[in-house]
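In full-length UniProt numbering, the protein residues as written are 1 to 386. We put the CB at the ideal spot given by N, CA and C, even for glycine. Below is one structure, written out as structure tokens; the observations come after it.
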Amino acid sequence: MTNRQDTERWHGLVSRQSENLGTLVEQFMKRLLDPGEYRDAGLREAELRATSSEVFALMLRALVDPTQVGVVQRLASRLGRRRARDGIPLDSMLTAIRLDFPILWSGLLSTAGRSEAHVLAAHAEEVWNVVDTFARFAQAAYLAEQDQLTRERQDLQRQQISLLFDAVGQFEVNHVQIARALGVSVSSFYRVVAVPSESAVTLRHNIDRAHFSERVFTHEQGRHLIAFWQIPATSPMVVTPRELALLDKVRAAVAPIARAIADIPLAALAASRMVDQLGPDEERVTDLKASWPMLAKKYLAEIGCDLGQYVLVPLREATERENERLLETMVAYLHTGSLLGTAATIYCHRNTVLNRLHRIEELTGLDITKPADAALAMVALAAQQN
């Protein structure tokens, strides 16, 4: 038998399959929808049928006309981009495409007579190559589109985060829309931290390498980088060890929990003010519990309320040596809250501590064993305590 006769028989086989296109599509749809992945994706069955029919028709034409391969490649690229935007997993798309080979092959086998068996065998590689080419071009387009979608999503998220922060005190924003863009709940609780700009690179590095279950969002605000993420409503006020790993080797402040997405900007402001109280060489994490005396001292001083006048000025009436010992005792007592703890901290007898507390009250009028006076003293001595 001549090559020309073989070619004519091959074209005849492919032509019969083109006439049997409906059967190929039905077989494809049955195999595609049985696992449920495409069914659950919400794609319309009519669209899947139309695409399948177009793909099979072009593949069959490419089997007899090499000039059609370019058309197959362009269709594959369009399908890959479309499936990426449909949200179909890449593996599911490739599995669906590779169904085409056994369906095409079975169809060709079913119509081939004994005299055409050798013709079919001679073109088996061509059938596989057409399907494989389609899969490769679809995959490349899918991945490129996925990258584009990721960039678009990140751009949108950055815009929405900026809107969330810029709107404070300026204009109303749709917090539901912002939450939807970020893929979070508008009413979720959030952990909010701030680091100075010089720690931003380290924080970003920690975020990139951390195996963290929640997405961490960042926002540059003035001299600070703000980071925030969703937390369960039952989360403790203090950061967990897993969260603390994000803040390794950075100077950071953790705000009180933001109890809705709308509360994040104010929490970020609080964290920024707290981290500013840390020295430039302090690589540690602070929070409101540790920072409130310094914050209170700073903002009271800005309106002319210097609490040092209640403590530091009156203590100057004592000798320099006594002044040092009284300050040492005050700081220790405010830290430990007990006579014995103070005595152990400054290596003296309990009665010595008691005598010094009486002397402090005599000079300042403050009995730091009482909560209100202790709070005032803590603010006045905030720098010494740190």
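State the beta-bridge partners of residue 196 as determined by DSSP.
Residue 196 sits at position 196 when you count from the first residue of the sequence shown. Residue 196 is bridged to 224.
Rank 327, 10, 312, 325 by C-alpha distance to the C-alpha of residue 122 and give the top, closest one.
Along the sequence shown, one-based indexing puts residue 122 at 122. Selected option, being the one with the closest Cα: 10.
Buried or exposed: where does residue 67 fall if 16 or more other Cβ atoms within 10 Å of its Cβ makes it buried?
Here residue 67 corresponds to residue number 67 of the sequence shown, with the count starting at 1. Classification for residue 67: exposed.
How close, in whole Å, do the beta carbons of residue 315 and residue 334 come, if the pair is a contact with beta carbons under 8 Å?
On the sequence shown, residue 315 is found 315 positions in, with the first residue counted as 1. On the sequence shown, residue 334 is found 334 positions in, with the first residue counted as 1. Between residue 315 and residue 334, the beta carbon gap of about 14 Å keeps them out of contact (Cβ cut-off 8 Å).
Determine whether the beta carbon atoms of residue 245 and residue 255 lie at a separation below 8 Å.
As a first step, residue 245 must be located in the sequence shown, where it is residue number 245. As a first step, residue 255 must be located in the sequence shown, where it is residue number 255. Not in contact: residue 245 and residue 255 (Cβ atoms no closer than 8 Å).
Can you tell which of 299, 329, 94 has its C-alpha closest to the C-alpha of residue 311?
To locate residue 311, count along the sequence shown from 1; it is residue 311. For the options 299, 329, 94, the alpha carbon positioned closest to that of residue 311 is the one of 329.
Any idea which residues DSSP pairs residue 231 with across the strands?
Here residue 231 corresponds to residue number 231 of the sequence shown, with the count starting at 1. Per DSSP, 189.
From residue 138 to residue 78, what distance separates their C-alpha atoms?
Taking the sequence shown and counting its residues from 1, one reaches residue 138 at position 138. Taking the sequence shown and counting its residues from 1, one reaches residue 78 at position 78. Rounded to the nearest whole angstrom, the C-alpha separation of residue 138 and residue 78 is 7 Å.
Can you grab the Cα-Cα spacing for the pair residue 128 / residue 155, in whole Å?
The sequence position of residue 128 within the sequence shown is 128, counting from 1. The sequence position of residue 155 within the sequence shown is 155, counting from 1. Per the coordinates, the alpha-carbon of residue 128 lies some 40 Å from the alpha-carbon of residue 155.
Tell me, to the nearest whole angstrom, how far the beta carbon of residue 388 is from that of residue 184; I am working on the premise that it is less than 8 Å.
The chain is shown from 1 up to 386; residue 388 falls before or after that span and cannot be answered.
Okay, do the segment 47–58 and the segment 108–117 touch, 3+ Cβ pairs below 8 Å being the bar?
With a cut-off of 8 Å, the segment 108–117 and the segment 47–58 do not count as touching, because too few Cβ pairs lie within range.
Please identify the residue among 238, 33, 243, 339 whose C-alpha is closest to the C-alpha of residue 96.
Your numbering for residue 96 matches position 96 in the sequence shown. That would be 33, whose Cα lies nearest to the Cα of residue 96.
Give the list of continuous beta strand (DSSP E) stretches no shorter than 3 residues that lie fully inside the segment 233–310.
Segments of the beta strand (DSSP E) lying fully in the segment 233–310: 252–254, 285–287.
Reference residue 251; option with closest CA among 347, 223, 21, 29
Taking the first residue of the sequence shown as position 1, residue 251 is located at position 251. Of 347, 223, 21, 29, the residue nearest in Cα terms is 223.
Bridge partners of residue 218, per DSSP?
On the sequence shown, residue 218 is found 218 positions in, with the first residue counted as 1. DSSP lists 227 as partners of residue 218.
Would the segment 294–307 and the segment 352–366 be scored as touching if the rule is three or more Cβ pairs under 8 Å?
Judged by Cβ distances under 8 Å, the segment 294–307 makes no contact with the segment 352–366, as fewer than three pairs qualify.
Please classify residue 367: does DSSP put it in a helix, a strand, or coil?
For the purposes of this step, residue 367 is identified with residue 367 of the sequence shown, where counting begins at 1. Note: residue 367 maps to coil in three-state DSSP.
Exposed or buried, what is residue 124 when buried is set at 16 or more other beta-carbons lying within 10 Å of its beta-carbon?
Sequence index remark: in the sequence shown, residue 124 carries index 124 (1-based). Exposed: under 16 other Cβ atoms inside 10 Å.
Within 8 Å, strictly: CB atoms of residue 84 and residue 145
For the purposes of this step, residue 84 is taken as residue 84 along the sequence shown, with counting starting at 1. For the purposes of this step, residue 145 is taken as residue 145 along the sequence shown, with counting starting at 1. For the 8 Å CB-CB criterion, residue 84 and residue 145 form a contact.
Continuous alpha helix (DSSP H) stretch holding residue 89: start and end:
Indexing the sequence shown from 1 puts residue 89 at position 89. Counting along the chain, residue 89 falls outside any alpha helix (DSSP H), and DSSP gives it neither H nor E.
Helix, strand or coil for residue 347? Go by DSSP, reduced to three states.
Taking the first residue of the sequence shown as 1, we reach residue 347 at position 347. Note: residue 347 maps to coil in three-state DSSP.
Considering only the beta carbon of each residue, do residue 186 and residue 261 sit closer than 8 Å?
Translated into positions along the sequence shown, residue 186 becomes position 186. Translated into positions along the sequence shown, residue 261 becomes position 261. Yes, these two residues count as a Cβ contact at 8 Å.
Inspect the beta-carbon positions of residue 265 and residue 164 and report whether they are closer than 8 Å.
As a working mapping, residue 265 is identified with position 265 in the sequence shown. As a working mapping, residue 164 is identified with position 164 in the sequence shown. In this structure, residue 164 lies closer than 8 Å to residue 265 by Cβ.
Range covered by the alpha helix (DSSP H) that runs through residue 3
Within the sequence shown, the letter at position 3 stands for residue 3. Looking at the DSSP string, the run of the alpha helix (DSSP H) that includes residue 3 is 3–19.
For residue 341 and residue 320, the rounded distance between their alpha carbons:
The residue given as residue 320 occupies position 320 in the sequence shown. The residue given as residue 341 occupies position 341 in the sequence shown. The alpha-carbon atoms of residue 320 and residue 341 are separated by roughly 25 Å.
For my contact list, residue 43 and residue 86 are in at a C-beta cut-off of 8 Å; report their separation, rounded to the angstrom.
Sequence index remark: in the sequence shown, residue 43 carries index 43 (1-based). Sequence index remark: in the sequence shown, residue 86 carries index 86 (1-based). Contact flag correct, Cβ pair sits at about 6 Å.
Does the beta-carbon distance from residue 168 to residue 62 come in below 8 Å?
By one-based count along the sequence shown, residue 168 stands at place 168. By one-based count along the sequence shown, residue 62 stands at place 62. For residue 168 and residue 62, no; Cβs fall outside 8 Å.
Measuring straight from C-alpha to C-alpha, what distance separates residue 234 and residue 219?
As a first step, residue 234 must be located in the sequence shown, where it is residue number 234. As a first step, residue 219 must be located in the sequence shown, where it is residue number 219. Looking at the two C-alpha atoms, the distance is approximately 25 Å.
Three-way DSSP call (helix, strand, coil) for residue 72 in this model:
Stepping through the sequence shown from its first residue, residue 72 is reached at position 72. Here residue 72 carries a helix assignment [DSSP, helix/strand/coil].
Suppose you measure from the CA of residue 208 to the CA of residue 214; what does that come to, to the nearest Å?
Walking along the sequence shown from the start, residue 208 turns up at place 208. Walking along the sequence shown from the start, residue 214 turns up at place 214. Spanning the two alpha carbons is a distance of roughly 12 Å.
Can you determine whether any heavy atom of the ligand HEM sits closer than 7 Å to the C-beta of residue 273, and answer yes or no?
This structure lacks the ligand HEM, and indeed carries no ligand of any kind.
So residue 258 packs on residue 189, CB below 8 Å; how close in whole Å?
Walking along the sequence shown from the start, residue 258 turns up at place 258. Walking along the sequence shown from the start, residue 189 turns up at place 189. Under the criterion of beta carbons closer than 8 Å, residue 258 and residue 189 qualify as touching, at roughly 7 Å.
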